[in-house]
Each structure stands twice: as C-alpha cells, then as structure tokens.
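Here's the structure we're looking at; comments come further down.
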Amino acid sequence: MSRSMYQADLVELVYQNLAETIREITRRSRGVVHEEGGLLLYAGAPLDPALWNGALRVHPGLPAEEVVSRARRFFEERGRGFTLHAMGPVDPDLDATMKSFGRKADSDSPQMVLEAPIEPPLVLPGVTMQEVKTDEQREDFLTAVSSGFRELGVRDDTWRAAYPDVRSLSAPHIVAIVAYLERSPVAGAMVYVSHGVAEVIHVGVSPAHRRRGLGELVTRAVISAGFDRGARLASLQATPMGESVYRRIGFWEIARYRWYIFPAPQEARKP
C-alpha cells in the first residue's frame with residue numbers, strides 16, 4: 021500500500037471515530053442526535069455552539085451547499101448557533117463553499133495520529149491521577165478541564181451541562197482521568213474508543229499549573245487507557261497550546277481540521 025493510500029485510510033478511520041465521539045457526547049448529555057441523508061446534526065445540552073452543537077457530513081456524496089442549508093435550518097429552528105466541521109482531504113468542497121460565502125475558518129488545527137502504544141505516564145512529585153468513577157471525581161475533572169479551556173472562550177457552565185453525571189464520563193469505551201496536585205484537581209483528559217481508534221479530547225490544565233508536564237501526563241494516561249481498551253491508533257485535533265506536546269509524544273499530522281462557527285440567530289441579528 022502506498023503512503024497516500026495508507027494516509028487516506030487513516031483519515032477515514034479518525035473521521036468515523038470523531039463522528040461517533042460526537043454522537044456519544046451528545047447522547048450522554050441527553051441532547052439531540054439527528055442523522056439523515058449523510059449529515060450528522062447534534063444539539064447538545066449546552067447552548068454554546070463551539071463544542072456542543074454542530075454539523076458533520078458523514079457521506080461524501082452530499083453536496084456542500086446542502087450541508088450548509090440543512091444545518092442552518094436545523095439550528096435556526098432551535099434558536100442555536102453551531103459549528104460546521106471540515107477535514108481537509110474529506111471536505112475540500114465545504115471549505116470552497118465557505119470561502120465563496122466570504123468566510124474564513126474560525127479554527128484550523130492539525131488532525132494528528134499516534135500509531136503505537138507509548139511509555140506509561142511519567143511520575144511527577146506530589147501528583148496523583150484517578151479515573152473518574154464517582155460524582156466527586158466528575159466534579160474535580162470538570163473543574164480542572166474547564167479552567168484550562170476558559171481562555172479559548174468555553175464557558176465553565178457548559179461543561180456541567182455536557183457531562184451531567186458519571187455515566188457521561190465513564191463507560192467501557194470512555195475514560196476520563198483527573199490529575200491532582202496536593203489533592204487539588206489541576207488537569208484532565210478524556211478518550212473515546214471506536215473503530216479501533218482512541219479519540220483524545222478535553223486535555224486541559226489549570227493556567228496556574230502549566231509548564232509542569234501535567235498536560236503530557238494526563239495525555240499519556242488516556243492514550244494508554246485507549247490502547248488497553250483495544251485501540252490500534254490514537255487520534256486528536258490539536259490546539260496551539262498542546263501541539264508541541266503531542267508531537268513530542270509521537271503524534272504526526274495527517275490532515276487539517278477546520279471549524280466554521282455560525283452564531284445563534286438572535287446573536288447574528290445584533291448590530
């Protein structure tokens with residue numbers, strides 16, 4: 021198999037895994053998953069459009085213009101904003117359509133993969149890690165992760181709506197890990213396993229405790245958990261803060277992953 025064919029297979033696997041991760045997050049937050057005619061539309065419990073409400077094309081034959089029009093109609097009916105997902109090799113026509121509307125991507129991140137298990141997490145002085153199994157651990161995880169994402173514009177309250185109970189963070193194929201420093205929750209990460217892929221998400225570190233190796237610690241922990249649960253590949257969409265850490269671990273870029281954020285109708289009408 022040529023390198024390009026192999027990379028195309030990787031893109032397909034991580035794209036399917038991403039779609040399933042989105043379905044699971046939304047279902048477990050008691051939101052709405054609507055999938056029809058090659059388009060996945062999801063409206064999570066939180067109203068924030070950036071992480072919890074969006075549209076993902078799951079069949080390449082669906083025209084880009086129809087993707088946009090159907091997504092707009094779905095979310096306008098609910099009075100919500102949403103995120104349109106586009107992954108480079110899969111959705112070039114979506115990018116072109118958005119460009120024709122005069123839109124630039126609101127986020128352009130590397131889609132990265134890791135193709136083999138890694139060394140166990142490092143041991144850091146004074147730091148312990150726990151897999152989320154109780155409501156107290158759930159609260160600790162959300163406290164740590166929400167503080168890490170605050171500067172990216174994700175409101176704290178949306179996390180508790182997205183993960184309302186332990187079941188939303190713990191299952192045979194879902195693992196959330198929280199790191200404590202002197203008993204205070206300071207970092208967290210999650211992994212969802214499907215299609216033989218471990219999707220790493222929500223890697224967050226409290227701003228006051230960055231540059232201590234905590235992000236790498238929890239990332240390695242959830243990667244190991246994913247491979248332990250049958251994954252043959254780890255996947256993530258890197259933020260600017262985390263990209264260098266992921267490359268150091270061994271991830272490499274296979275595509276670009278873009279978000280186009282549409283505001284809620286009432287927000288769009290504001291002067």
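Taking this note's numbering, the leading residue of the sequence shown gets 21, the next gets one more, and so forth.
For glycine and all other residues, C-beta sits at the position ideal for the given N, C-alpha and C.
Quiz item: How would you write the range of the beta strand (DSSP E) that Thr-103 sits in, first residue to last?
Solution: For Thr-103, the enclosing beta strand (DSSP E) has its first and last residue at 102 to 107.
Self-check item: Residue nearest to Ser-127 in terms of C-alpha spacing, selected from Trp-279, Glu-236, Pro-285
Solution: Put simply, of Trp-279, Glu-236, Pro-285 the residue whose alpha carbon is nearest the alpha carbon of Ser-127 is Trp-279.
Exercise. Please work out which residues of its chain come closer than 7 Å, Cβ to Cβ, to Leu-162, disregarding the five sequence neighbours upstream and downstream, and give them in chain order.
Key: Trp-179, Arg-180, Tyr-183
Practice problem: Thinking Val-88 and Thr-117 are a contact (beta carbons under 8 Å), I'd like their distance in whole angstroms, please. | Solution: 6 Å
Quiz item: Whole-angstrom Cβ separation of Gly-74 and His-105, contact assumed at under 8 Å?
Solution: 6 Å
Quiz item: Going by Cα to Cα distance, which pick from Ala-65, Leu-33, Gln-36 is closest to Thr-46?
Solution: The residue with the shortest Cα to Cα distance from Thr-46 is Ala-65.
Quiz item: For Arg-43, which of Ala-258, Leu-234, Ile-194 has the nearest alpha-carbon?
Solution: Ile-194
Self-check item: Residues of its chain near Leu-142, where Cβ-Cβ distance is below 8 Å and the 5 sequence neighbours each way are ignored
Solution: Gly-233, Glu-236, Leu-237, Arg-240
Quiz prompt | In DSSP terms, what Gly-208 is bridged to | solution = For Gly-208, which the question treats as bridged, DSSP gives the partners Val-198, Gly-224.
Self-check item: Residue nearest to Gly-81 in terms of C-alpha spacing, selected from Gly-57, Tyr-62, Ala-63, Leu-71
Solution: Gly-57
Quiz item: Thinking C-alpha only, which one of Phe-247, Glu-85, Val-198, Glu-273 is nearest Ser-226?
Solution: Val-198
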